[in-house]
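Numbering (my numbering), first residue to last: 12 to 150.
Encoded structure:
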């Protein structure tokens, strides 16, 4: 059968998101290589979407799965996989975001959010720590 407009849009979103994801990973690899062989960390500014979010590669991973779901008709299994993956990656992004804020202090951009531009959506803290495998803070 001939693909529908939804299916074509899904394929296009998947391809664009995966391309952007690859670009983010290249930016991260370049930053690691230029920071004394990965021995120190740098605040990424002025780099593809890193001014807006801490973990744009997770954002594009979520978007690629939205594209996959659009292309395949939003099956229950696909949507649940996408939702669980987005939740886990959001938790990873929050942990990374909080670690960067603590490490870089005022040098870290104030308006930067963990994963979604301009949206600081946060699941319950216990879920973030459980899924990100970080120790629960005492206090």
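C-beta atoms are modelled at their ideal positions from N, C-alpha and C, and glycine is treated no differently.
Would you list, in sequence order, the uninterrupted alpha helix (DSSP H) runs of no fewer than 4 residues that lie entirely inside the segment 33-62?
As far as the segment 33-62 is concerned, it has no whole alpha helix (DSSP H) run of at least 4 residues.
Assign residue 141 to one of three DSSP states: helix, strand, or coil.
In the three-state reduction of the DSSP assignment, residue 141 falls in the helix class, which pools H, G and I.
Run of the alpha helix (DSSP H) containing residue 101, from where it starts to where it stops:
Run containing residue 101: 87-115, per the alpha helix (DSSP H) assignment.
Backbone secondary structure at residue 135 - three-state DSSP
In the structure shown, the three-state DSSP call for residue 135 is coil.
Residues near residue 65 by beta carbon distance below 8 angstroms, same chain, minus five either side:
Shown here for residue 65: same chain residues with a beta carbon closer than 8 angstroms to its own, the five before and five after excluded, namely 104, 107, 108, 111, 123, 124, 125 and 126 in chain order.
Which residues bound the alpha helix (DSSP H) around residue 73?
Per DSSP, residue 73 belongs to the alpha helix (DSSP H) from 67-83.
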